[in-house]
Amino acid sequence: MGTNLIRIKSEAEIKERLEAERTRLRKIAGLDQPAHFHRPVERAFTAEERNRVTILFGGFTWKHEDLIRAVFQGCGYRCENLPVPDVPAFQIGKEFGNNGQCNPTYFTVGNLLQYLQFLEKEGLSRQQILDNYVFFTAGSCGPCRFGMYEAEYRFALKNAGFDGFRVLLFKDSDGIKAASGEPGLKFTQDFGFGMLNALNLGDVMNDLIYQIRPFEINAGETNRVFRETVDGLCEDLKNRKSLLIVDRAPAWVKAKLNKKKMIRDTVNAFGKWHEHMWGKDYLNALKTARERMDSIEVDRLRVKPVVKITGEFWAQLTEGDGNFHMFDFLEREGAQVLVEPIATWVAYLMYQAKARAIAKWPVKRPHQNPKWYEAKQHFANYIGLRKRLWGIGAGQRMWNFFYHRTADHLGGIAHRLAPQAELAELAHPFYNQFARGGEGHLEVGKNVYYTIHKLCHMVLALKPFGCMPSSQSDGVQSAVINKFKDMIFLPIETSGEGEVNAHSRVQMALGEAKVKAKAEFEQCLKSTGRSLPDIREYVDAHPELKRPFYHVPHREGVAGTAAQFVLHVSDRIDRDTRFRKRARVPVVTAPATSGD
Ligand code: SF4
Numbered sequence: 007m008g009t010n011l012i013r014i015k016s017e018a019e020i021k022e023r024l025e026a027e028r029t030r031l032r033k034i035a036g037l038d039q040p041a042h043f044h045r046p047v048e049r050a051f052t053a054e055e056r057n058r059v060t061i062l063f064g065g066f067t068w069k070h071e072d073l074i075r076a077v078f079q080g081c082g083y084r085c086e087n088l089p090v091p092d093v094p095a096f097q098i099g100k101e102f103g104n105n106g107q108c109n110p111t112y113f114t115v116g117n118l119l120q121y122l123q124f125l126e127k128e129g130l131s132r133q134q135i136l137d138n139y140v141f142f143t144a145g146s147c148g149p150c151r152f153g154m155y156e157a158e159y160r161f162a163l164k165n166a167g168f169d170g171f172r173v174l175l176f177k178d179s180d181g182i183k184a185a186s187g188e189p190g191l192k193f194t195q196d197f198g199f200g201m202l203n204a205l206n207l208g209d210v211m212n213d214l215i216y217q218i219r220p221f222e223i224n225a226g227e228t229n230r231v232f233r234e235t236v237d238g239l240c241e242d243l244k245n246r247k248s249l250l251i252v253d254r255a256p257a258w259v260k261a262k263l264n265k266k267k268m269i270r271d272t273v274n275a276f277g278k279w280h281e282h283m284w285g286k287d288y289l290n291a292l293k294t295a296r297e298r299m300d301s302i303e304v305d306r307l308r309v310k311p312v313v314k315i316t317g318e319f320w321a322q323l324t325e326g327d328g329n330f331h332m333f334d335f336l337e338r339e340g341a342q343v344l345v346e347p348i349a350t351w352v353a354y355l356m357y358q359a360k361a362r363a364i365a366k367w368p369v370k371r372p373h374q375n376p377k378w379y380e381a382k383q384h385f386a387n388y389i390g391l392r393k394r395l396w397g398i399g400a401g402q403r404m405w406n407f408f409y410h411r412t413a414d415h416l417g418g419i420a421h422r423l424a425p426q427a428e429l430a431e432l433a434h435p436f437y438n439q440f441a442r443g444g445e446g447h448l449e450v451g452k453n454v455y456y457t458i459h460k461l462c463h464m465v466l467a468l469k470p471f472g473c474m475p476s477s478q479s480d481g482v483q484s485a486v487i488n489k490f491k492d493m494i495f496l497p498i499e500t501s502g503e504g505e506v507n508a509h510s511r512v513q514m515a516l517g518e519a520k521v522k523a524k525a526e527f528e529q530c531l532k533s534t535g536r537s538l539p540d541i542r543e544y545v546d547a548h549p550e551l552k553r554p555f556y557h558v559p560h561r562e563g564v565a566g567t568a569a570q571f572v573l574h575v576s577d578r579i580d581r582d583t584r585f586r587k588r589a590r591v592p593v594v595t596a597p598a599t600s601g602d
């Protein structure tokens, strides 16, 4: 027999040969996949390091950042905010980051690297930087590139020679849970309530500065006063004592509560909540802030187009090269900027969570097809969804309540949060609310909302280059503009270059908005039958009308501050016996006052 028989000597050899053959066949069939990516395990940031390690963060406005830093410091952390990202930071981001990222990635990643390089130039060794600093940022797993930020930070840090630098995550989809799970960064009740206050205060202060500065009589006064006011609020957040209400109870109550941990913790939590929100120190700090800001003298008779800013989260928030210093530019060009609070984004996340829970319930309900007589199952299906909706609904109400309460304590003129249900409804014919990523349907919803309610003269959408969700909503906006003919909408792609081009496009659209604002003002003035000098004379005789927190009732259908103001002053003159006898031109119908 000419057959070559292979002699197999042992059981182990059979296994070995079998494995080799299996590997060969898997390879031929293409079943061998490269190893899965696993999120690198970050070196722990431990509680013992708190006195030595500085937490870095950034990406908001200076008002938000200062207030957030104060909360960190008040909770015993060393903390620094990064400078506002600039073009050199963008270039560093491009140099060390991946290709094809969106604009905010380059700016924010480059900004961190630039800061670490600055520390190195200041004399710190790389090892000292790795040991003594950590970066705190948000993370997500959404469909846009936001989900890649964390990996992008690590990749660029490694390329720039800072491999091992710690990036801690605060996942936006996980609420208050620390994704890092490291005990060095502990989410206590004081920290949570402090952050809630810091975010709301930052939003409201940001809204106010853009409402007041265009009308200030003494140039530079608003910036100076706001600097002092934010510093004052930071002092309050930083020096807040951690209250344990149980410690204030009589000894016998304390002794009883100490035996019942759950009750003691609940009492303490409510005590802290009360102290952070309604405590005497906090309310006094708000009062001082309000009085400081109200000392700025304003002239509301300056006719200015109101420009509503929308767009991508970071591009519409940053105040530097990341959006071509757009807010400064608009103010220099004579506009009043209407900014977007971060609170809208949080409200959007909660609204979406609720809408998704409803949409998914038919497949998630515990009993799929109960018979008509199976009342228990029907009830379980009903109550299961309601429980979820009540939970999210309570969160929504509390979020809105605390934001508006802060706004009311700080003068009451900050804009209210736009209703999420209406934004989704207005966007729906153009953009499905379940198309996630970036601002989702918000860009379209806000454009329609601010236009149909006549809350602005122009909408400017700031969209970073390479932004996938913004490109989608840009495509849709042409259909929106076709439907709302009097809408002035301009999308601007922000990037590390092209500032002059962007400014000149804005200038052109702003020209139209100015004409619209002027025409509106003249129509309103005419409707009062009074002359501008008459109105001005009345304002000069009544100094309270020059205070920023003087409440001018909102008129439906009037967007401009000056137009609203003349209508209101004219109403006051009508009620004032000393002034109303002045001659007036026959009255044209004026828009109605709303109860806002
Ligand atoms: S929304 Fe756009 S710009 Fe922002 S992270 Fe996502 S892809 Fe980038």
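In this text, residue positions in the sequence shown follow this note's numbering: the first is 7, and each later residue adds one. All C-beta atoms, glycine included, are put in the ideal place defined by N, C-alpha and C. None of the values given here were measured: they were computed from a predicted structure.
- Per DSSP, N375 is not a residue of any alpha helix (DSSP H), being assigned neither H nor E.
- Three or more Cβ pairs drawn from the segment 501 to 521 and the segment 324 to 336 lie within less than 8 Å of each other, which places the two stretches in contact.
- Annotated three-state conformation of K100 is helix, per DSSP.
- A heavy atom of the ligand SF4 is found nearer than 8 Å to the CB of T111.
- Taking C-beta separations shorter than 6 Å and ignoring five residues to either side along the sequence, the partners of F232 in its chain run I215, following chain order.
- The straight-line gap separating the alpha-carbon atoms of R75 and E86 is approximately 7 Å.
- Within the same chain, Cβ atoms closer than 7 Å to the Cβ of R56 are found at G82, Y83 and G190, the five residues on either side in sequence being excluded.
- Judged by DSSP in its simplified three-state form, C85 adopts strand.
- Sixteen is the threshold: since fewer than 16 other Cβ atoms of the shown chains lie within 10 Å of the Cβ of R30, the residue is exposed.
- Per DSSP, Y159 lies in no beta strand (DSSP E); the unbroken alpha helix (DSSP H) holding it starts and ends at Y155 to N165.
- Rounded to the nearest whole angstrom, the CA to CA distance from E318 to N212 is 17 Å.
- For V512, the enclosing alpha helix (DSSP H) stretches over residues E505 to T534.
- Approximately 5 Å separates the beta-carbon atoms of N117 and L88; this is inside 8 Å, confirming the contact.
- Between the C-alpha atoms of F51 and I135 there is a straight-line separation of about 14 Å.
- Three or more beta-carbon pairs drawn from the segment 237 to 251 and the segment 193 to 203 are found closer than 8 Å, and the two stretches are therefore classed as touching.
- Non-local beta-carbon contacts of D209 in its own chain, meaning distances under 6 Å to residues more than five positions away in sequence, involve P347, I348 and A349 in chain order.
- Only exposed fits F385, as fewer than 16 other CB atoms lie within 10 angstroms of its CB.
- A straight-line Cα-Cα distance of about 20 Å links V47 and F193.
- Distances between the C-beta of G472 and the heavy atoms of the ligand SF4 include at least one below 8 Å.
- Bounds of the alpha helix (DSSP H) holding V252 are I251 to R254.
- The C-beta distance from P91 to T114 rounds to 6 Å, short enough to meet the 8 Å contact threshold.
- Counting every other CB atom within 10 Å of its CB across the protein chains shown gives A427 a total below 16, marking it as exposed.
- Taking 4 residues as the minimum length, the alpha helix (DSSP H) runs contained wholly in the segment 239 to 304 are 251 to 254, 257 to 265, 267 to 284 and 286 to 300, in order along the chain.
- In this structure, DSSP gives K192 a state outside helix and strand, which the three-state scheme calls coil.
- Per DSSP, G317 is one residue of the beta strand (DSSP E) stretching across V312 to G317.
- Per DSSP, the beta-bridge partners of K469 are E499.
- Look at the beta carbons and you see the segment 367 to 375 touching the segment 388 to 396: at least three pairs across the two are nearer than 8 Å.
- Beta-bridge partners of F63 (DSSP): N87.
- Look at Q439 here: in three-state DSSP terms it is coil, with no helix or strand label.
- Per the C-alpha coordinates, the member of A295, N229 and L24 positioned closest to F555 is A295.
- Set against 8 Å, the gap from the CB of G443 to the closest heavy atom of the ligand SF4 is smaller.
- Annotated three-state conformation of M356 is helix, per DSSP.
- Per DSSP, the continuous alpha helix (DSSP H) segment holding Q426 begins and ends at Q426 to A433.
- The C-alpha of F490 lies about 25 Å from the C-alpha of G443.
- Here the alpha carbons of I12 and E22 stand approximately 14 Å from one another.
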